Amino acid sequence: MSSIIKSTVKRLLWAVVVLLGLSVMIFSLLRIIPGDPARMALGETASEEAVALYREEMHYNDPLPIQYGYWLKGVLQGDLGMSINTKRPVLQDVKEFLPATLELVLWASIPPIFVTLFFGIAAAMYKNRWPDYLLRFTGYIAIATPSFVWAVFLLLIFGFWFHILPSIGGRISLGYQVPAVTNLVILDAILAGDWAAAWDAFLHIILPATALSIGHVMQEARIIRSAMVDNSGKDYITMITSQGVPARVINQKYLLRPSVISAVSIMGLDIAGMFGNAFLVESIFNWPGLSRYALNAIMGKDINAVCAVVLIYGVIFILMNFLVDTVVLILDPRMRQGRSS
Amino acid sequence: MNRFAEKLKRSWFKFAESKISIVGLVIVLAVVLLAVFAPLVAPYYDHCGAYVNFADANKAPCSQYLLGTDLMGRDILSRLIGSLRSTLLMSVIVLSISVPVGFIVGSIAGYYKGSLLDTILMRITDIFLSIPSLVLAMAIAAVLEPSLKNSMLAITVMWWPWYARLAYGIASSMKAENFIIYAELTGAKLPHIIFREFLPNCISPVLTKMTLDVGYVIITGASLSFAGLGEQAPKPALGNMISTGIDYLPGSWWMTIFPAVTIILIVLGFNLLGDGISNIFNMEDN
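First to last, the protein sequences are chains A and B.
Each residue of the first sequence is one higher than the one before, starting from 3 at the first, in this note's numbering.
Each residue of the second sequence is one higher than the one before, starting from 153 at the first, in this note's numbering.
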């Protein structure tokens, strides 16, 4: 047990180092942009004195390392600067738009886990029979399709042609009023007991969540399938089979668990990567999330907002990595004893 | 020479064992040929630029325009063929810069494993890997002016760390091998060790990863172009064509669907080819 704690602390420290490095990189990004940041913040019409004052106030006259210190201090206190587009503090924008992206990524990552497991196990159980071939064939196509292309296909098929799911986008239809508690609309609607609103919001999230997750589901299912097939040929399985352990127990306890480990670490990275793919999917579905906000910021050269989003996604990514490593540590006894790393 | 021919024959046998790799090879060859001979093959090559013909605007697929036309009256098929060059060029340039850079960084860090240099190089690599790649590429592309060249630069910047990590793993586990120690004893310098000792041992995993990466580079490039950060109008680009077409769904579906299918086909082709090539190397290891 103590080895778990020790390696966890060590990895936490590394995470902090990586975070600091990330902050240096983002700060450089802020300063690489050509032009005078004070002039850009105040606009063309501001007077020369006002710009000079602002430059002094924001420490733009100091050497870069000192500027970095001030910037980092501000970031740690929640000061991400002003957005040029929305004319508000970036932090306020983040608070408004992040929950929608979180909700989307949650729905694109947690329910699909079960689909992944089902596909992976089914393909492994029916190895070299039609369910396996079907998975392989659809897998090739699903992986070759970028998530924004999935978004287009899904929108066209289910939104426009069959009219099964909403095509206009957004998180919920107009007319529903859901009191904001967690800012995750479906959860809020359920908490308020408004089942009609929850159902409506659920219908809205199906297409974007599917577009984000479908490629990952097929890829992870393939990994689980091949891990299970590999493991089923190993000596320990032959041994417990010969001892008369029932097939169901073998499958669940001895075959599945070691086979999902490699998929779990990839799953974690994929979930974090969804924030990146969400840029395009959100803009296609008019999903009012942080990624769509960032895309608008990129178009409008709103560099403070862009950097804030990169920073937030970086933090989420690092946390996710940390979480995944911990889960793998719990699942894999070999890692706990430090036998393989 | 005879031995080389023999080896080639054996590789082909392993490659062709999986019929689906041949499908990949055929798709890739077709795409490359179409890209090279685009001006000759495309029915209306002048439509790949600032061509306007409102009389034929927004036409559904017909015998004159096999895949329909866009809002400017430009032939979609010609524009798709015209976009292949920049699509392929992007993956060639991104990989031919990021792979050597990643390999050199990773093998130097691996060779000096445990030193301060190793820590610095690999932590920098980790920082690059700590942001979702598309997010970083978009941020870089946002700081620079949107263009095909800058989107290539942005993707290259986020691509090398993967190869650094791959080379690091191989180099650090190999540095204690006898042949490296002998090379050191006979006075081999760092470049010799990296390029004559590590490189031959890294070739097969690096090549395997490269062939599988071509598809991902194309997807990333198309995503940037979809966001308006890649090739600029009026030049055709797959992502760009889709993002323009989306506003005219479901009526003018051909403007979106055909570029989308083209992306899938190209990436599928490269992925299948990559699987086939990795089969060659995997069996060599066995």
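From the three backbone atoms N, C-alpha and C, an ideal C-beta is built for every residue, glycine too.
Quick caveat, the model's predicted, so the values are computed rather than measured.
- Between D134 of chain A and Y295 of chain A, the gap from beta carbon to beta carbon reaches 8 Å or more.
- Using a CB distance cut-off of 8 Å, M362 of chain B does not count as an interface residue toward chain A.
- Secondary-structure assignment with DSSP links M84 of chain A through a beta bridge to A:P91.
- A Cβ-Cβ distance of about 29 Å is found for the pair T360 of chain B and S267 of chain B, leaving them out of contact under the 8 Å criterion.
- Below the 7 Å Cβ cutoff, chain A contributes F150, L282 as neighbours of F378 of chain B, in chain order.
- Per DSSP, K211 of chain B is not a residue of any alpha helix (DSSP H), being assigned neither H nor E.
- The C-beta distance from I170 of chain A to V187 of chain A rounds to 15 Å, too long to meet the 8 Å contact threshold.
- For F350 of chain B, the closest C-alpha among the options B:L177, B:I283, B:Y263 is that of B:Y263.
- A residue is called buried when at least 16 other Cβ atoms come within 10 angstroms of its Cβ; I305 of chain A meets this threshold and is buried.
- Non-local beta-carbon contacts of R224 of chain A in its own chain, meaning distances under 6 Å to residues more than five positions away in sequence, involve G141 in chain order.
- By the neighbour-count definition (other C-beta atoms within 10 Å, threshold 16), S215 of chain B is an exposed residue.
- L156 of chain A sits away from T118 of chain A, with the two beta carbons spaced by 8 Å or more.
- A residue is called buried when at least 16 other Cβ atoms come within 10 angstroms of its Cβ; H206 of chain A meets this threshold and is buried.
- In this structure, the alpha-carbon of A316 of chain B lies about 10 Å from that of V358 of chain B.
- The residues G220, W406, in chain order, have a CB closer than 7 Å to that of A212 of chain B in the same chain once the five nearest residues on each side in sequence are set aside.
- Counting only the Cα atoms, I370 of chain B lies some 16 Å from W152 of chain A.
- Annotation for N330 of chain B: the continuous alpha helix (DSSP H) segment containing it runs 330-337.
- Spanning the alpha carbons of L401 of chain B and I415 of chain B requires a straight line of approximately 18 Å.
- In the three-state scheme derived from DSSP, where H, G and I count as helix and E and B as strand, T103 of chain A is classed as helix.
- With contacts defined by Cβ atoms closer than 8 Å, S230 of chain B and V366 of chain B do not form a contacting pair.
- With a 10 Å radius around the Cβ and a threshold of 16 neighbouring Cβ atoms, R226 of chain B comes out buried.
- For the stretch 395-410 of chain B, the residues whose beta carbon sits under 8 Å from a beta carbon of chain A are, in order, I398, L401, P402, W405, T408, I409.
- One finds L286 in chain B with Cβ atoms closer than 7 Å to the Cβ of N279 of chain A, taken in chain order.
- Closer than 8 Å to the CB of L333 of chain A there is not a single CB belonging to chain B.
- Leaving aside the five residues that flank R227 of chain A on each side, the residues in its chain whose CB is nearer than 6 Å to its CB run, in chain order, G122, A125, A126.
- Apart from sequence neighbours up to five positions away, the residues of its chain that approach V180 of chain A with a beta-carbon distance below 8 Å are I174, V187, D190, A191, A194, D196, A199, A203, ordered along the chain.
- For the pair A144 of chain A and I86 of chain A, the CB atoms are not nearer than the 8 Å cut-off.
- For the options B:L232, B:L381, B:L296, the alpha carbon positioned closest to that of A190 of chain B is the one of B:L232.
- Pairing V183 of chain B with G426 of chain B gives a Cβ-Cβ distance that is not under 8 Å.
- Within a 10 Å sphere around the beta-carbon of G246 of chain A sit fewer than 16 other beta-carbons, which makes this residue exposed.
- Listed in chain order, the non-local C-beta contacts of L273 of chain B below 6 Å within the same chain comprise V257, A261, local neighbours out to five positions each way being set aside.
- Under the three-state reduction of DSSP output, T184 of chain A falls in the coil class, being neither helix nor strand.
- Taking a Cβ-Cβ cut-off of 8 Å, the neighbours of I276 of chain B in chain A comprise G23, given in sequence order.
- Within chain A, no residue has its beta carbon less than 7 Å from that of I322 of chain B; the closest one is some 16 Å off.
- Taking 8 Å as the upper bound for CB-CB distance, S149 of chain A and L282 of chain A are in contact here, some 7 Å apart.
- The Cβ neighbour count for E51 of chain A, taken over all protein chains shown within 10 Å, is under 16; the residue is labelled exposed.
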